[in-house]
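Novice: Our numbering runs 45 ahead of the 1-based position in the sequence shown. After the structure tokens below, expect a handful of questions from me.
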Amino acid sequence: MYSKDLRKHFFNFFHSKGHVRVPSSSLIPDDPSVLLTTAGMQQFKRYYTGELNATDDFGSQRIATIQKCFRTSDIEEVGDKTHLTMFEMMGNFSFGPVGSDDPEDDGKEGYFKRAAIHWGYQFITEVLGIDPDRMHVTVFGGDDETPFDGEAYDIWKDEVGVPEDKILKGVREDNFWGPTGEEGPCGPCTEIYVDGVEVWNIVFNEFYKERGGTYRKAERPGIDTGMGFERLSVMLEGVDNVFESELFRPVMAKIEELAPNMDEAIKRVFADHLRAATFLIADGVVPSNKEAGYILRRLLRRVMAYQVKYDVHANLFEEMVPVIKELFGEIYPEINDSDRIIGVFETEKTKFQEAVSRGLKEMEKIFEENREEKRITGEQAFNLFSTYGFPIELLKEFVEGKQFTLDEEGFQKKVAEHQETSRAGAGNKFGGHGLVLDTGELKAGSEEEMKKTVGLHTATHLLNWALRHELGDEVKQMGSDINPERLRFDFTFDRKLTMEERQKIEDLVNDKINANLPVYMREMPKEEAEQLGAVAFFKHKYPAIVKVYSVGSEASGGVVSREFCGGPHVEYTGQLGSFKITKEEAVSAGIRRIRATIG
Ligand code: SER
Numbered sequence: 046m047y048s049k050d051l052r053k054h055f056f057n058f059f060h061s062k063g064h065v066r067v068p069s070s071s072l073i074p075d076d077p078s079v080l081l082t083t084a085g086m087q088q089f090k091r092y093y094t095g096e097l098n099a100t101d102d103f104g105s106q107r108i109a110t111i112q113k114c115f116r117t118s119d120i121e122e123v124g125d126k127t128h129l130t131m132f133e134m135m136g137n138f139s140f141g142p143v144g145s146d147d148p149e150d151d152g153k154e155g156y157f158k159r160a161a162i163h164w165g166y167q168f169i170t171e172v173l174g175i176d177p178d179r180m181h182v183t184v185f186g187g188d189d190e191t192p193f194d195g196e197a198y199d200i201w202k203d204e205v206g207v208p209e210d211k212i213l214k215g216v217r218e219d220n221f222w223g224p225t226g227e228e229g230p231c232g233p234c235t236e237i238y239v240d241g242v243e244v245w246n247i248v249f250n251e252f253y254k255e256r257g258g259t260y261r262k263a264e265r266p267g268i269d270t271g272m273g274f275e276r277l278s279v280m281l282e283g284v285d286n287v288f289e290s291e292l293f294r295p296v297m298a299k300i301e302e303l304a305p306n307m308d309e310a311i312k313r314v315f316a317d318h319l320r321a322a323t324f325l326i327a328d329g330v331v332p333s334n335k336e337a338g339y340i341l342r343r344l345l346r347r348v349m350a351y352q353v354k355y356d357v358h359a360n361l362f363e364e365m366v367p368v369i370k371e372l373f374g375e376i377y378p379e380i381n382d383s384d385r386i387i388g389v390f391e392t393e394k395t396k397f398q399e400a401v402s403r404g405l406k407e408m409e410k411i412f413e414e415n416r417e418e419k420r421i422t423g424e425q426a427f428n429l430f431s432t433y434g435f436p437i438e439l440l441k442e443f444v445e446g447k448q449f450t451l452d453e454e455g456f457q458k459k460v461a462e463h464q465e466t467s468r469a470g471a472g473n474k475f476g477g478h479g480l481v482l483d484t485g486e487l488k489a490g491s492e493e494e495m496k497k498t499v500g501l502h503t504a505t506h507l508l509n510w511a512l513r514h515e516l517g518d519e520v521k522q523m524g525s526d527i528n529p530e531r532l533r534f535d536f537t538f539d540r541k542l543t544m545e546e547r548q549k550i551e552d553l554v555n556d557k558i559n560a561n562l563p564v565y566m567r568e569m570p571k572e573e574a575e576q577l578g579a580v581a582f583f584k585h586k587y588p589a590i591v592k593v594y595s596v597g598s599e600a601s602g603g604v605v606s607r608e609f610c611g612g613p614h615v616e617y618t619g620q621l622g623s624f625k626i627t628k629e630e631a632v633s634a635g636i637r638r639i640r641a642t643i644g
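Structure, rendered in structure tokens:
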């Protein structure tokens, strides 16, 4: 099934259940507390609280939308197979008060858990034809603040007939939504997974969180659901990733034509950023140094820096905007004003070029001054970067061309110092690709950060061990990424972890930290390491003599973890502080991702 049919089926199905279709709202929300629209429910906040009445405005308490959304949270991940900055979210909503919660009722009154769950299941299995065996669901497991959602659990089990081993209890972070901001409607949610990937989040807005933090029962319980349009499209088309889906294929083809030599990951960054920027501009955002304008500027400057680096001479924006318009113009007429959109792109390009050419002049002076040592200092590089917006990627090209060297460490140190004083949300995320102390595996911005990073590296080994210990030896590392804030670990596993498993894994790691085990390295022939059962990362090629890091010794009660690894690590696990899993999610079918912190 293609995206066009998916849109149609979605609206038809919910229309048959009394829903009225409402257009997507702008990416710029009318709620000043949020920078950009991140969820479908945002335009409806005042209907949940009863301040506005949906029957008066739309003729029904039941609404369905496909909403444009933009999230900066995953911006560093763009380039992999799934993450996007801008995406579309399908959602059905009910604002209450609850009239009938009978799934057979196709009226226009508010509904609640029963109808929302039954319809979710029907849409996935009957309309989309997805085999129920591929599905599992989660419900909120309860904690100190709000209780276990037994009602949703029972509806899935007794009414829909989902087997109990496919109804998992989740933690607050995954199974409780909102409020957006300090107070407002919020509640537990139930998620539908297909092949281990979350496709639908159904929120039961049954609470109102007060400013002081107390939850009271909402007077008008409502429903808010969100289903990732691109994710579902990938699944229904049977393609490997979102960039191969119909929603991106023409965009990727055009980029391929304009820049055949660029890395695949950068092509995806181009596709995502150019599409997102087109939509932002269409909704009235212009590049600037603050708020949404700053987000747009960073998207564009990142693309333009790569454009220079990869020598993409083509008139990128003029070529790309029509392709995006062709794909989405019918659904989102605001992007049809392509002349204006291209105009905004071009103005920003001119500004960027001016900055870069001023930077180039300055850079020539520096090359001249430093012709003896043939080296650019960190301070000089930083000045070029901060005063002229001159991207380091570009500077490196010139340095190489002139056979100079660059004190990149010094440069990154300066960036890190600067960030210390101006840690600002989005800016930090974008500008912060700071690699200072680069040991090969680990990258950090200062001594302090390096210490934290080394600790997270050892924690990664403990996590790798704990996962296999708890879930079985078939769990394989698929990727690992560490920065001073967190570790990120990808591994093979075909479903979401249960609350109990997640807790158990966290506890296992903390036990080993508390035991203050020694961590040490030995070099040995590869065969010997294999015989010892050291865990290798299958994506790496290893030399004949390898380094093996172990945690725990015979004297300390046995070896816990043993891995092929270049280091560095802490000397004793007690140096780590407490370990916490902050997120567990799907990367794609069969691959999970954990983020965790220490300290
Ligand atoms: N607000 C919830 C989400 O964004 C459900 O739509 O996931």
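Here a beta-carbon is modelled for each residue, glycine too, at the ideal position from N, C-alpha and C.
(1) Output the residues surrounding the ligand SER, defined as those with a CB atom closer than 6 Å to any ligand heavy atom, in chain order.
(2) Who are Thr-130's beta bridge partners in DSSP?
(3) Sorted by chain position, which residues of the same chain lie with C-beta nearer than 7 Å to Phe-59's C-beta, five sequence neighbours on each side aside?
(4) Are there 16 or more other CB atoms within 10 angstroms of the CB of Tyr-351, so buried, or fewer, so exposed?
(5) When the Cα atoms are used, what is the spatial distance from Ala-471 to Ser-333?
(6) In chain order, what residues of the same chain have a beta carbon less than 7 Å from the beta carbon of Gly-273, not counting five sequence neighbours either side?
(7) Can you give me the start and stop residues for the beta strand (DSSP E) that Tyr-238 sits inside?
(8) From what residue to what residue does the alpha helix (DSSP H) around Ala-504 run?
(9) Determine the DSSP secondary structure at Phe-185, reduced to helix, strand or coil.
(10) In its own chain, which residues sit with a C-beta less than 7 Å from the C-beta of His-181, not counting the 5 before and 5 after it?
(11) Could you work out which residue in Phe-427, Gln-548, Met-46 is closest to Glu-291 when comparing CA atoms only?
(12) Going by DSSP, name the residue or residues bridged to Trp-222.
(13) Which partner residues of Phe-536 appear in the DSSP bridge assignment?
(14) With Val-605 and Leu-577 assumed to form a contact (beta carbons below 8 Å), what rounded beta-carbon distance in angstroms separates them?
(15) If you scan the region 242-280 from start to end, which runs of the beta strand (DSSP E) of 3 or more residues do you find wholly inside it?
(16) Would DSSP call Gly-644 helix, strand or coil?
(17) Is the beta carbon of Leu-621 sitting closer than 8 Å to the one on Ile-550?
(18) Nearest to Ser-431 by CA position, among Ala-461, Glu-445, Pro-295, is which residue?
(19) Which runs of the alpha helix (DSSP H), 4 residues or longer, sit entirely within the region 364-416?
(20) How would you call Gln-112, buried or exposed, if buried means at least 16 neighbouring beta carbons within 10 angstroms?
(21) Between the region 399-408 and the region 362-370, do three or more beta carbon pairs fall short of 8 Å?
(22) Please confirm whether Lys-153 and Ser-105 have their CB atoms less than 8 Å apart.
(23) Given a threshold of 16 other Cβ atoms within 10 Å of its Cβ, counted over all protein chains shown, does Met-544 qualify as buried or as exposed?
(24) Cβ atoms of Val-79 and Thr-225: under 8 Å apart, would you say?
(25) Quick check: is the beta carbon of Asn-57 nearer than 8 Å to any beta carbon in chain D?
(26) Leaving out five residues on either side along the sequence, give the residues of the same chain with a beta carbon under 7 Å from the beta carbon of Glu-282.
(27) Determine the contact status of Glu-608 and His-506, defining contact as a CB-CB distance below 8 Å.
(28) Check Ala-600 in the structure and name its three-state DSSP category.
(29) Near Gln-87, which residues of its chain fall below 6 Å by C-beta distance, leaving aside the five closest residues on each side in sequence?
(30) My parser needs the beta strand (DSSP E) runs of 3 or more residues fully inside the region 49-92; what are they?
(31) Can you tell me whether DSSP reads Ala-574 as helix, strand or coil?
(32) Pick helix, strand or coil for Arg-313, following the three-state DSSP scheme.
(33) State the start and end residues of the unbroken beta strand (DSSP E) segment that holds Thr-110.
Specialist: On the basis of the data shown:
(1) Ala-84, Gly-85, Met-86, Gly-136, Trp-222, Asn-246, Val-248, Asp-269, Thr-270, Gly-271
(2) As a first step, residue 130 must be located in the sequence shown, where it is residue number 85. DSSP, once it has assigned bridges, lists no residue as partnering Thr-130.
(3) In the sequence shown, counting from the first residue as 1, residue 59 sits at position 14. Correct list, in chain order: Ala-109, Asn-137.
(4) Numbered from 1 along the sequence shown, position 306 holds the residue referred to as residue 351. Result: buried.
(5) One-based indexing of the sequence shown puts residue 471 at position 426. One-based indexing of the sequence shown puts residue 333 at position 288. Interpretation of Ala-471 is limited by its pLDDT of 26, a score under 50 that renders its predicted location unreliable; no figure is taken from the coordinates.
(6) Translated into the one-based positions of the sequence shown, residue 273 becomes position 228. These residues qualify, in order along the chain: Phe-132, Met-134, Val-244.
(7) Residue 238 sits at position 193 when you count from the first residue of the sequence shown. Segment 229-239, the beta strand (DSSP E) holding Tyr-238.
(8) In the sequence shown, residue 504 corresponds to position 459, counting from 1. Ala-504 -> alpha helix (DSSP H) spans 492-516.
(9) To locate residue 185, count along the sequence shown from 1; it is residue 140. Strand at Phe-185.
(10) Indexing the sequence shown from 1 puts residue 181 at position 136. Cβ neighbours of His-181 beyond the five flanking positions: Lys-211, Leu-213, Tyr-238, Arg-540.
(11) For the purposes of this step, residue 291 is identified with residue 246 of the sequence shown, where counting begins at 1. The candidate whose alpha carbon is nearest that of Glu-291 is Met-46.
(12) By 1-based counting over the sequence shown, the position of residue 222 is 177. Its beta-bridge partners are Gly-232.
(13) For the purposes of this step, residue 536 is identified with residue 491 of the sequence shown, where counting begins at 1. Bridge partners of Phe-536: Gln-522, Arg-637.
(14) As a first step, residue 605 is located in the sequence shown; it is residue number 560 there, counting from the start. As a first step, residue 577 is located in the sequence shown; it is residue number 532 there, counting from the start. Not really, about 13 Å apart at Cβ, beyond 8 Å.
(15) 242-254, 260-273
(16) For the purposes of this step, residue 644 is taken as the residue at position 599 of the sequence shown. Here Gly-644 sits in coil by DSSP.
(17) Counted from its first residue, the sequence shown places residue 621 at position 576. Counted from its first residue, the sequence shown places residue 550 at position 505. Against a cut-off of 8 Å, the Cβ pair of Ile-550 and Leu-621 comes out as no contact.
(18) For the purposes of this step, residue 431 is identified with residue 386 of the sequence shown, where counting begins at 1. Checked all of Ala-461, Glu-445, Pro-295; the closest Cα to Ser-431 is Ala-461.
(19) 383-414
(20) The residue you call residue 112 lines up with position 67 of the sequence shown. The residue is buried, with at least 16 neighbouring Cβ atoms inside 10 Å.
(21) no
(22) Reading the sequence shown from its first residue, position 108 is the one you call residue 153. Reading the sequence shown from its first residue, position 60 is the one you call residue 105. A contact, by the Cβ cut-off of 8 Å.
(23) Translated into the one-based positions of the sequence shown, residue 544 becomes position 499. Buried: at least 16 other Cβ atoms inside 10 Å.
(24) Here residue 225 refers to the residue found at position 180 of the sequence shown. Here residue 79 refers to the residue found at position 34 of the sequence shown. It is a contact, given that the beta carbons lie within the stated cut-off.
(25) No chain D appears in this structure, which consists of one protein chain only.
(26) Indexing the sequence shown from 1 puts residue 282 at position 237. Closer than 7 Å at the Cβ level, and outside the excluded window around Glu-282, lie Tyr-47, Ser-290, Glu-291.
(27) The count along the sequence shown starts at 1 and reaches residue 608 at position 563. The count along the sequence shown starts at 1 and reaches residue 506 at position 461. Yes, Cβ-Cβ distance for Glu-608 and His-506 is below 8 Å.
(28) The sequence position of residue 600 within the sequence shown is 555, counting from 1. Three-state DSSP puts Ala-600 in coil, outside helix and strand.
(29) Reading the sequence shown from its first residue, position 42 is the one you call residue 87. Around Gln-87: Pro-74.
(30) none
(31) Translated into the one-based positions of the sequence shown, residue 574 becomes position 529. Looking at Ala-574 - three-state DSSP - the assignment turns out to be helix.
(32) Residue numbering aside, residue 313 sits at position 268 when the sequence shown is read from its first letter. Helix.
(33) Along the sequence shown, one-based indexing puts residue 110 at 65. Counting along the chain, the beta strand (DSSP E) containing Thr-110 begins and ends at 107-115.
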